[in-house]
Each structure stands twice: as structure tokens, then as C-alpha cells.
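Q: Numbering (my numbering), first residue to last: 30 to 1286. The C-beta atom is built at its ideal place from N, Cα and C for all residues, glycine as well. Note that this is a predicted model, so its numbers are computed, not measured.
(1) When we look at the beta-carbon of residue 119 and count the other beta-carbons within 10 Å, is it buried (16 or more) or exposed?
(2) Would you grab the beta carbon distance between residue 9 and residue 1269 for me? Rounded to a whole angstrom, and I think it's under 8 Å.
(3) Within 10 Å of its beta-carbon, does residue 712 have 16 or more other beta-carbons around it, so buried, or fewer, so exposed?
(4) Touch check for the stretch 807-816 and the stretch 893-906: three-plus C-beta pairs under 8 Å?
(5) Which value, in whole angstroms, describes the spacing of the CA atoms of residue 1322 and residue 448?
(6) Are residue 1148 and residue 985 close, meaning C-beta to C-beta below 8 Å?
(7) Can you look up residue 1184 in the DSSP assignment and give me helix, strand or coil?
(8) May I ask which residues mark the beginning and end of the alpha helix (DSSP H) holding residue 775?
(9) Between the C-alpha atoms of residue 736 and residue 678, what's the straight-line distance to the nearest angstrom?
(10) Mark residue 1063 as exposed unless 16 or more other C-beta atoms lie within 10 angstroms of its C-beta, in which case mark it buried.
(11) By DSSP, does residue 964 sit in helix, in strand, or in coil?
(12) In chain order, what residues of the same chain have a beta carbon less than 7 Å from the beta carbon of residue 1030, not counting five sequence neighbours either side?
(13) Using the Cα positions of residue 897 and residue 835, report the straight-line distance between them to the nearest angstrom.
(14) Sort out for me which residues DSSP pairs residue 601 with in a bridge.
(15) Along the chain, which unbroken stretches of the beta strand (DSSP E) at least 3 residues long are found entirely within the stretch 786-842?
(16) Return the chain-ordered ranges of every alpha helix (DSSP H) run that is complete within the stretch 855-902 and spans a minimum of 4 residues.
(17) What's the gap between the Cα of residue 880 and the Cα of residue 822?
(18) What residue from 608, 522, 543 and 721 has the CA that sits closest to residue 618's CA?
(19) Once DSSP output is grouped into helix, strand and coil, what is the label at residue 989?
(20) Pick helix, strand or coil for residue 1171, following the three-state DSSP scheme.
(21) Take residue 979 as the anchor and find which of 180, 81, 300 and 464 has the nearest alpha-carbon.
(22) Are the CB atoms of residue 921 and residue 941 nearer to each other than 8 Å?
(23) How close, in whole Å, do the beta carbons of residue 80 and residue 151 come, if the pair is a contact with beta carbons under 8 Å?
(24) May I ask you to report which of helix, strand or coil DSSP gives residue 1304?
(25) Leaving out the 5 sequence neighbours to the left and right, which residues in its chain are closer than 6 Å to residue 77 when beta-carbon positions are compared?
(26) Report yes or no: do the stretch 1084-1098 and the stretch 1173-1185 share at least 3 C-beta pairs separated by less than 8 Å?
(27) Per DSSP, which residues does residue 415 bridge with? Please list them.
(28) Measuring only the C-alpha atoms, how far is residue 264 from residue 322?
(29) May I ask you to report which of helix, strand or coil DSSP gives residue 217?
(30) Only counting the same chain, and skipping five residues up and downstream in sequence, which positions put a Cβ closer than 7 Å to that of residue 1136?
(31) Under the rule that 16 or more other beta-carbon atoms within 10 Å means buried, what is residue 143, buried or exposed?
(32) Rank 714, 500, 245 and 750 by C-alpha distance to the C-alpha of residue 1157 and give the top, closest one.
(33) Roughly how many angstroms separate the alpha carbons of residue 1040 and residue 803, rounded to a whole number?
(34) Label residue 41 either buried or exposed according to how many other C-beta atoms from any shown protein chain fall within 10 Å of its C-beta, with 16 as the threshold for buried.
(35) With a Cβ-Cβ cutoff of 8 Å, do residue 809 and residue 1051 count as a contact?
(36) Taking 8 Å as the threshold (C-beta atoms), are residue 65 and residue 43 in contact?
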């Protein structure tokens, strides 16, 4: 909701003078007045706003509008409470705590009379209807005007008066209303037509940074957890022990890895909580995590007394296992006792350390102020508040903090995703409290404050709220719009919290503009009639940012990054620090021998990630909401930056200068340069004018020392972007839709034995058919992993498709890829989208998957249009109940079942059980403990399925009793299969026991794809991954100009498999750089200097720059990251948003250049290695000289036949070496050559080695 142009005119005038706004009711005069009240209270920290409403009946309506926008305490004298205001003590108390008063003239007159209000503390007076107030309260109006004029001008409150009559009807010159001479009147005769609001207003709330330092209390948070606390208690070890106690006796290595990962996650999250939320939240987080795992460990002791695997719903009697009492023996465990003692100490520390609840971040305090003001104002009509966070680990902690701040209100609730939820102060052990329970309690107002992250599945069940707060910084405009849409458009408001700094306001302006564009598109305006920024966005208070946590620099006043020498009028700030350091380095000796350049390394610190498009809970289903054409994944991640600076070695400054984390790389670099200039000034290298003392003429800089690339700058990490059609060597699919013709020429490749083919925009590999490896692809079975080879047809079939058929094929591809990557929900919800706008152009890799007709000849393929039309014209899911006898003639084992509640997992049907749903329901009704102690505690075992965990007791009892339960096995995820095939099956892939479930048919659907079709589609994923890799690496080979077997390049560009080839390439680079220096730098005589120059030539930042220039990092993959974040860094072509870039360390990118060099040496010898280095831009010696002969090509291993009694070969025996004094040299040379299995063509090299060994001997 945006202010109209007429409302903006009202505010513009009201900010400068007293105004009387004339216009009909319903044009938004009161809404504009509420905006003015908000601005006035922000600018005047002590002032109050008085809203005069004629008659108590209207005060409630005005009160609701004012409380919607203002974040201060607002009181109202409504019809129900007007009698209370006659009590002097009540009215005094209300006036003392309130910032805004909505009262009638009679109440206001009494407040002034009693002295509870004065013109000195009133900053703004708003009169709802001036003419009606004069008619009903003429005496008060006259008194108000009289006392107003007696006040000094600089202390007079502003006046904002409204009237529903036109100015011509008022006849101001003859009117006796005493307020009219005090105001400037203007009339709105024909206001712009405004539709009903479709979205709530957005308000920016600012906070001031407060310097906090908890070093004296906790020190480093990780060390605190590991025992550096008053109790010397290792909380991390306690957590690991509790996890082990709750593991039900599991001792395998996989569980050990899980415990280690969980402990690391605990330490990382605790450190983040301390940094972003404060000390109180840090201690509360430790308490919550340890208490949760303690309860889980105690509960698991009870579970171990039950043989959960023996519970079989298909055979178990109606009796439930006996109830087990509390695990008294577990309470005596040493770690349990230690945990309880540590928890008691933590709770005490929360109340005493640094002021208890005040020991929190200022951002969190601001959020608490907003919640407190809203809950106090909304107490009469039961408002609800929703707070959005960035991290799941923070949600429960913030809910606990809000509950502790407002103990008189009901406890806050939180959602952590994955159906996990909690109520502050209540234990949520063993999943007893589900998200659906919290949603119900929040919707009906029992717990009116909810804290969550950007959830997807739960949000649809939550009603719109009166107040929605985004506490953390948002970088994705889609997410900001989603949050805003959670506020009720008629009486809700969305508040976005930012720091009160110019930089944060600029970032908000840019974010608001993007969000307004999205909103305009969603409303069908095509970008026209775009919302504008209503709020006056500017910093309100000057700060010394140099003393705060993340903000440094010259913003208002003298800061710590400013140095001024008054005697010479020289000044250094962050703005000129880099220039001063560069000018000094110019005066150092040139780079012929020493490198005189400063080296900056910018470090990026990731503090937020954007959510995948499949998880974004957009409420609209319009085409534009899924348009990814302008998608930019980089803008959806937030980084903080720090810098390290290494000065030239000749200055003998051994330590590296470091900066704190700031919001921009430029700012971090300026801070590093500032520290360097300060250091040079202290050491006497600079004078007080910040000029170098190394030159007599301070203004003269020798030209031979000036280098164009004076600064060396690199980052500690870079983004490895996802592959595009450019790296694939293909044209984008979307290019076929931009052509003038209605037909597109495509190239179809069959996949031997599979019912799918690959349809490309151009012939693969540039039309090359040499190299069998190009057409051999790997995949695996799904349920029983085993690597198989699939031969792709060598020669494609050229097909010409009309535009409609190409669109249909693309729709099939998008549906199939969404199905196997994200699940049924993603595929079913987007089948009718505009397919050209359904994926980002950056993920258009130039190929799609289509069904093909299986024939005898794999080289002769054709698109199976019958299957394609059948799948696209029928529903992806159909109800499973009543069970069809033979659906489409399929056997039961060809059915794929999908739960209606959990549609991201599919089950292959094993059979229909004889047990009916009614049989289980009768057991539940007959025995109160049967549900909790038999069904919920049962565990799946081979051949022993359990009821799906997503079913609730009510869902079971409401199901059709005569339907049978269906036995299904969960189909495993495809990501481990991709990793397994990528590693060529070298490490076994064990799924373990696949989950077996009993499915209720009337709450389940059947997938339209047969099991064979679905499994073949899953098998496509590892095949497509390898297909893309081979296309990429073939493009790289074509660029370099030399072909080698792809296995070498695959190894060279895969982290961490490249390490062996990296060693080979590293040695070759050292050898080449050594030889280049030996031949080209005869002026350098010192071995130490030569070694230093060689190290400088091949250091990591230079190799990284070479690699980046040739975009070698585009060909890198990191399988571990892909497995940890499935389908975030890689997805098949033409689906969804641009995949996330992998964050790679600088050394990785430098290593890939060395490993690729090693791959060319391994695949085609030294000449190919030199060709690769020359392609990267390195200067290489094409004809190195050693004794006037090439050295490396003639040192290749050659087999030497073993001899029992070796004789000196004639070519060695004929050498006359007696003058050297070594008679047995020929024999020693031969023995050395035989043991090394090298046949040295140049025997003089062997002579040098043998002579050296002889001397040692």
C-alpha cells in the first residue's frame, strides 16, 4: 500500500507549516496524519502527539489506524474506557506512559487542567474534524487557540487539522473558528481514485549500534564451550556424550561422524548467536540445546527397554506394551549429572551477567520494543505478531527472549522447519509438539507472537497478521515481498529493521525498488504504476561509526580512521589511504629484482544464503512470479568483508595487517591501507605530509619504478559459477524461440537401452566423433546401486520441430527434471506455467530430455510423441482410493505411491496387506496407549513396515475403515547415486535399511509414471551430470588446442581428487620457472634471490589470477558441497533459478591450474604441458638448453633388461675417465641406470650424478 500523490502533498506541507486539509471523507487524510505522527515522534524523542476526535465513538477507529503505523505506546479514551479517564490517577498514569493520546476534546481539556499534559511536551496536535470540534466544544477550541498563541514560536507544537467540507463552504474569512488563523488551508477537490489496499504498508524501523564486548565474560565462544568457563565444564563434550547416550547403542562410524558434525554445528551456531544476538541469547542457546539432548537421552533409555523392531502392525495383538517408568538408572550417569549442574549455572548466569536481558544486540532490542508496543496497543483486540529470522538456530532463542521480556503476555512460539516447533518455556521432546499444533495456537491467539524463518509448507496454514517484522537484513526482493504479504492488507503493517546508517538506507532503497517492481508485475501492471517509497528514508542521528561493531569510516564527525596534521595541513582518511600507500610504494626500488607492490587479500564472510525457488512461499501463481530471466543468484547472498595487507618484503614488516569485518570490500581495503600508512609513519618512512622520505625530492617519482598494475589485489575466495551453454559448447534453448522462423532445428542423441534421449541445439563436441570416451556415459541402478555404461549415439538425428512441439518437449523436460530433483509437489504445481519463463537463462545449457522410441539400432532414434502427449495431458497424480484393480494394465509392483501430506518422497508398492485401516483404528480407540506406545514407537525393519510418521491420530480415525493398508518402500534420494557414479563405484554405496511404510490409500496418490519410467528417469541424473562434464571439458580441450583423455581433466578439476596431478603440475611449474630465470636473468647471481623470484612468480595469487583470466574455475566441481546441499549448486538444464555458486578458496583455483597442467603432462607429455602454460599466458622456454641439448623429453622411463652379471656397456667402457681419478665410474653409472630403470640418452647427466655420489661416499 502506497501513499497517493495527494497524501504526499499533505505531508510535504505539514512538515513545514501548520495545515488545514479540506476534502471528502475516505481520501486518506487520517492515514497521512498517522504518517506525520510517526515522523514527529521519531524526530522528537520526548514529545507527545495529541489526536483530538469529536466524540468517543470515533476514537477507536482513529486509534487502530495510528497504532498500525506508530511503534510507540498509544492510549485511547473509547466509549468503554471514557469513564476511567475522569479518575485523576488513571489519567496521570496513562499520560505518563503514552506517546500518542487519542481523546475527545472534553478529556483533553481535563488533562490540560490537571497538568498531565502541557504544550511544552506536546509536539503535534491532530484535529480529526475541526468544524465539528468547534461546534461541539467551542470553549475548548477557543482556549486551545488562545494558549497556543501565547507559547513562544519555537516551542509551539505543529497543527494538522482536517475538515470534510470544501474551503468554499467554510468561508474562512468570515468564520469564527479560532484555529483557522493558525493554519494554512488547502483543499483536495478531486483526489486520485484509489482501489482497496491489496498489501500492507512497509515501514522501516532503525536502531543505533551499541558497542558490546563480552571478552571479559566468555572470551572466545568456542573456547568457552570447550571448558574456558568458571566451571571448567566442556559443554561440547557433554553434548557429544548425550548424543551417544541417546543413540540406542549405535556404534557405527556413520553415527560417530553425525555426532562430530552435530557438535561442530552446535559450536558454530553458538558463536553466531553471540555475535548477532548477544550474551543472554548465547547462554540461552546453550541451555536449550543441552536440555533438549538431555531429555532425548533420558527418553531413549525408555525406548531401549522396548523392542521397537518387534512391533508389527500386521501381526501385533490389540494390547499395547506396558508403560515404562522414568529412567532412574540414567539419572545417575556422570555426564547427566554434569549436564544438570552446568545447566543450573547457565541459568544463573543469564540473570546476572551484564544486566541479564539487557546483554543483547541492539537489533534484537529494537524488535522487542516493536513487539512490546504492538502487544500493549493491541491487547484489546487480540493482535498477532510474526517475526522472521534468517537462521533457524535463532528462532527458538528469540522466542525465549521475547517471552522473558514480556512475562505478562502468553509465551511466544517458534517454527524451526521440518515440522519442528516449540513454545517458549515448554519442552518439545521426541517431536511431541508439531508445527501444526503451533500454527493452531498462533492462529487462535493463544500464543500471539511467532518467530520463524522463511518457511514454505507451514506458511499457508497461518492466518495473516497485524504486525510482521523482518529482524534480519534481507537481500532477496522476493523474500521481502513474501514477508510483507504475511501482514493483513487492511489492518496490518510490515516493519523492516535496519541500522541507522547511510549505507543501510541506500541498500534499503535499492531493495525496495526491486520489490516494488515485483509487486507491480504480480498485480499485472507490467511494471507500470509502480509503488514509491513513502517513508522519508535518511539517518536521523549522527554516530561515531568507528567505535561500532561492523561500521567504520567517515560518516559524520571525526572518526578513528582520520589523521590530521595541522602544522602541514595534511589529512589522511579512508578516502585517500590507498593513494598515499601506492605513492609511497612507487618510491621503492623497481620490480626488476624486488616486488615493490602491496598485496591486498580481500576475505569474504558469508552471513546469509538465499532460499531455493522451490522453497519460496510465493502466494501468487502468476507467470511473472516464476520468471527467472533476470535472476541473479549473487544478489541473494550476503557477505561481510575483511582485508589483509602484506607490505613489500624490503620494508621488513613481517606481520600481516588485518581489518575487522565490514559491509564492503572497498571499505575493508581502505582500512588496511590506512593501517599501513600509520605503520610507515611510525617507522619513519613517511614525513608528516605522508610523503616518502626515501627520495630527496619528495615530489619526484622515478619512472622506471612506476608499474601500471601497482596494486596487487586478490580475494581469499571466489565463486565457482554453474555451467552454462557457453561452457557446454551449445546454443541456449531460448535462442530457438527468438528466431524469425517458426521451426527449430535440433539434434537428437539416443541413450542405448534407455527410453529417453538428449535433444540438443547443436551437434555435440563441435561435431567431433573421435574419442570413444565422449559417448560412453555412466549411470546406476536405483534400488541396488551398480555402475553401468550407457552408449550415447555417435551421430545425432537432425529433427525439425515446429515451435509448438518444441514448447511441449520443453514442458515435458521441466516437469520430469522437477519430479526427479525436487519431488512431486514441484512438478505438479508448475505444469501450467509459461515454460519460457520457468527457468533462468543462466541455467539454459542448450539441451533437454525427451522420451524416445526404443528400437534395435541405438543410432536410429525418434521422439516418442505418444508417451510425451500422454504424460503431459494427464494429471501427474490421481487418487489411490478406491484402489484400481489394474490401473492402465499395470501390475501392483509398478505403482508409485506419494503421500498427500509428504509429497517430496515416493514409495514403490510391495503389496496390499490384509490389514484394514478400521482394524488399526479399533485398536487405537480401545486402548489409549496403543497410539503412543505401539504405533509411534514402532521402528521399520526388513519386511516389517510401520505406519507413516506423517499420519496423525485424527487422520487415521477419519479414514475409510474398509480400505487396506498398502506396503511401500521409500525410493532413495538421487544425490548419493550421482556421487557413487562420479567415483566410478570405487566406494560402496549402502543405503542401509530403506524405510518401509504402511500407506493409507485415501490419503495417498498414484504417480502417472510407471515404476520403470520413474526409475529410468532417476537414472538420468548421474548420466546427465557426466554428460555435462564431458561437454565442458571438451570445450576446454578445444580452447587449449590439444586433446587428451577426459579422465585426466576430470580428475584435475575435481576437488579434492586433483591433488596428485597438482603435485605433478607444481613440480613442472617450478622447473619451468627455474629454467626461465636461469636463461633470462643472468644479472641475478645470488641463489637466494633467484629462489625468491621463483617463489614470487608462481605464488598462489598469481596462479589464481591466471586461472581466473582463462576461467578455469568454471570447470571445477566440488562433489562434497553438492552432496551437502542437494540441487543447490547443480541442477539439470532448463529448470528453476540459477544454481548457487560454490565458494572456492583462492588456493583451490590456483591448484586447478597446476593440476590441469599435470593432466596435460600425464595425458600427452611435456610438450602438451608447455602448450597449456602458453595458453594460460605464461612465458615458457620452447627450447631449453642443457649442454646444448633438450633435457626433459629424453628422460622418459624406458625398460632396461636385468642381467645376472652386468658388464659395462661399450658406450660407457670406451670413456676415458682416468684423468678424473675415478676408475669405477662406468660401472657405477650403469648400476645406477639399471636401478632407476632409466635409460639416459645424455650420459653426461648420469656422469654428474655418479661423480656427486662418489664424492659423498
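A: The structure says:
(1) Here residue 119 refers to the residue found at position 90 when the chain shown is read from its first residue. Exposed, since its Cβ has fewer than 16 Cβ neighbours within 10 Å.
(2) In the structure as shown, the chain starts at 30 and stops at 1286, and residue 9 therefore has no counterpart that could be examined.
(3) Translated into positions along the chain shown, residue 712 becomes position 683. Counting Cβ neighbours within 10 Å, residue 712 comes out exposed, since fewer than 16 surround it.
(4) no
(5) Here the chain has residues from 30 to 1286 only, and residue 1322 is not among them.
(6) Within the chain shown, numbered from 1, the residue matching residue 1148 stands at position 1119. Within the chain shown, numbered from 1, the residue matching residue 985 stands at position 956. No; because the gap between Cβ atoms is not below 8 Å, this pair is not in contact.
(7) For the purposes of this step, residue 1184 is identified with residue 1155 of the chain shown, where counting begins at 1. Correct three-state label for residue 1184: helix.
(8) For the purposes of this step, residue 775 is identified with residue 746 of the chain shown, where counting begins at 1. From DSSP, residue 775 is part of no alpha helix (DSSP H) but of the beta strand (DSSP E) over 772-779.
(9) Within the chain shown, the letter at position 707 stands for residue 736. Within the chain shown, the letter at position 649 stands for residue 678. Unreliable positioning characterises residue 736 in this predicted model, as indicated by a pLDDT of 45, which lies under 50. The coordinate reading is nonetheless provided below. Near 17 Å, if we compare the C-alpha coordinates of residue 678 and residue 736.
(10) One-based indexing of the chain shown puts residue 1063 at position 1034. Classification for residue 1063: buried.
(11) Here residue 964 corresponds to residue number 935 of the chain shown, with the count starting at 1. DSSP places residue 964 in helix when its eight states are reduced to three.
(12) Here residue 1030 corresponds to residue number 1001 of the chain shown, with the count starting at 1. Cβ neighbours of residue 1030 beyond the five flanking positions: 909, 910, 912, 992 and 995.
(13) As a first step, residue 897 must be located in the chain shown, where it is residue number 868. As a first step, residue 835 must be located in the chain shown, where it is residue number 806. Near 12 Å, if we compare the C-alpha coordinates of residue 835 and residue 897.
(14) Here residue 601 refers to the residue found at position 572 when the chain shown is read from its first residue. Residue 601 pairs with 592.
(15) 805-809, 816-820 and 826-831
(16) Whole alpha helix (DSSP H) segments, 4+ residues: 894-902.
(17) Here residue 880 corresponds to residue number 851 of the chain shown, with the count starting at 1. Here residue 822 corresponds to residue number 793 of the chain shown, with the count starting at 1. Rounded to whole angstroms, residue 880 to residue 822 spans 15 Å at the Cα level.
(18) Counting from 1 along the chain shown, the entry for residue 618 is found at position 589. Checking every option, the nearest Cα to that of residue 618 belongs to 721.
(19) By one-based count along the chain shown, residue 989 stands at place 960. Three-state result, residue 989: coil.
(20) If you number the chain shown from 1, residue 1171 lands on position 1142. Three-state DSSP puts residue 1171 in a strand.
(21) Position 950 of the chain shown, counted from the start, is the residue given in the question as residue 979. Among 180, 81, 300 and 464, the Cα nearest to that of residue 979 is on 464.
(22) The sequence position of residue 921 within the chain shown is 892, counting from 1. The sequence position of residue 941 within the chain shown is 912, counting from 1. Using a Cβ distance threshold of 8 Å, residue 921 and residue 941 count as a contacting pair.
(23) Taking the first residue of the chain shown as 1, we reach residue 80 at position 51. Taking the first residue of the chain shown as 1, we reach residue 151 at position 122. That belief does not hold up - the Cβ atoms of residue 80 and residue 151 are roughly 11 Å apart, past 8 Å.
(24) The requested residue 1304 is not part of the displayed model; the chain covers only 30 to 1286.
(25) Position 48 of the chain shown, counted from the start, is the residue given in the question as residue 77. Excluding residues within five positions, the ones whose Cβ falls inside 6 Å are 128, 150 and 151.
(26) yes
(27) As a working note, residue 415 is residue 386 in the chain shown. DSSP output for residue 415 lists 479 and 497 as bridge partner(s).
(28) Within the chain shown, the letter at position 235 stands for residue 264. Within the chain shown, the letter at position 293 stands for residue 322. Distance between the alpha carbons of residue 264 and residue 322: 12 Å.
(29) For this step, residue 217 is matched to residue 188 along the chain shown. Of the three classes helix, strand and coil, the one that applies to residue 217 here is coil, per DSSP.
(30) In the chain shown, residue 1136 corresponds to position 1107, counting from 1. Taken in chain order, the residues that qualify are 1142, 1178, 1179, 1181 and 1182.
(31) Along the chain shown, read from residue 1 onward, the residue named residue 143 stands at position 114. Exposed.
(32) In the chain shown, the residue the question calls residue 1157 occupies position 1128. Among 714, 500, 245 and 750, the Cα nearest to that of residue 1157 is on 750.
(33) As a working mapping, residue 1040 is identified with position 1011 in the chain shown. As a working mapping, residue 803 is identified with position 774 in the chain shown. Rounded to whole angstroms, residue 1040 and residue 803 show a C-alpha spacing of 30 Å.
(34) Position 12 of the chain shown holds residue 41. Classification for residue 41: exposed.
(35) By 1-based counting over the chain shown, the position of residue 809 is 780. By 1-based counting over the chain shown, the position of residue 1051 is 1022. Their beta carbons are under 8 Å apart, which means residue 809 touches residue 1051 by this criterion.
(36) For the purposes of this step, residue 43 is identified with residue 14 of the chain shown, where counting begins at 1. For the purposes of this step, residue 65 is identified with residue 36 of the chain shown, where counting begins at 1. The Cβ atoms of residue 43 and residue 65 lie closer than 8 Å to each other.
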